[in-house]
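4 is the number of the first residue of the sequence shown in the numbering used here; add one for each residue after it.
Glycine residues also receive a C-beta, built at the ideal position from the N, C-alpha and C atoms.
Just so it is clear, the structure is predicted and the values come from calculations on it, not from any experiment.
Read through the structure below, which is laid out as structure tokens, and then see the notes.
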Amino acid sequence: MEIASHSPEETMRIAEAVGELLRPGDLLNLNGELGAGKTLFVKGLAAALGIPAEMVTSPTFSIINEYMGKGGLLYHFDFYRLQDELELENIGYQDYFYGSGITVVEWGDLFREQLPEERLDIVLEKAGSQGRKLTFSGCGDRGREIAEQVRRRLGVHPRH
Ligand SMILES: Nc1ncnc2c1ncn2[C@@H]1O[C@H](COP(=O)(O)OP(=O)(O)OP(=O)(O)O)[C@@H](O)[C@H]1O
Ligand SMILES: [Mg+2]
């Protein structure tokens, strides 16, 4: 399922709408080239969870950031600088992925084998300087359920 964004603000609004659909334990896997808008998307998600968007910064060097939202924790991973699977094991990633917080992973496809089967995959692609194409695909029952809810909420009526 594809959704077009025409500005950073629109990407934030799309992400906020997705954030409102999430439940404890859900995981989102964000991919797309440098500057595609993955971190911006996380800011929108965070806003929906009651976390000020400006608190969200890329966890590129720390690999993971944690934020306290209204309904629980948001775990924000960035796999871009992750060396290998062992480094991920040392972080104790399974406690996050299978815990009761909401998890979002930038560059999750770099270590796709470590991702849970239940998740929502989102690929962001540049389409001009301000345009982006967001492709959603749900994996597992819960992943497909979120994708369907996103489609119902955003896929039919384009937002500007
Ligand atoms: N429609 C749009 N959606 C998202 N970002 C946009 C859009 N148009 C322009 N931008 C700009 O693109 C940049 C996206 O940066 P962001 O840090 O979110 O990318 P990223 O995918 O996280 O990159 P990285 O792989 O380096 O972590 C921002 O400067 C943002 O303002
Ligand atoms: Mg980023």
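Proximity below 7 Å, CB of residue i to CB of residue j
i: Glu5; j: Lys136; result: yes
i: Thr106; j: Tyr99; result: yes
i: Gly141; j: Ile149; result: yes
i: Glu128; j: Gly35; result: yes
i: Gly146; j: Asn32; result: no
i: Ile125; j: Phe139; result: yes
i: Leu24; j: Pro119; result: no
i: Ser10; j: Gln86; result: no
Simplified DSSP assignment, three categories, for residue i
i: Asp87; result: coil
i: Phe82; result: coil
i: Glu120; result: coil
i: Gly141; result: strand
Buried versus exposed, by CB contacts within 10 Å (16 or more), residue i
i: Met71; result: exposed
i: Phe64; result: exposed
i: Asn93; result: exposed
i: Met15; result: buried
i: Tyr78; result: buried
i: Leu123; result: buried
i: Glu109; result: buried
i: Ala39; result: buried
Own chain, CB closer than 7 Å to residue i, minus 5 neighbours either side, in chain order
i: Gly28; result: Ser103
i: Leu157; result: Ile6, Ile17 and Ala20
Cβ-based neighbour list, residue i, same chain, cut-off 6 Å, excluding 5 preceding and 5 following
i: Gly22; result: Leu48, Ala51 and Leu52
i: Thr42; result: Ser61
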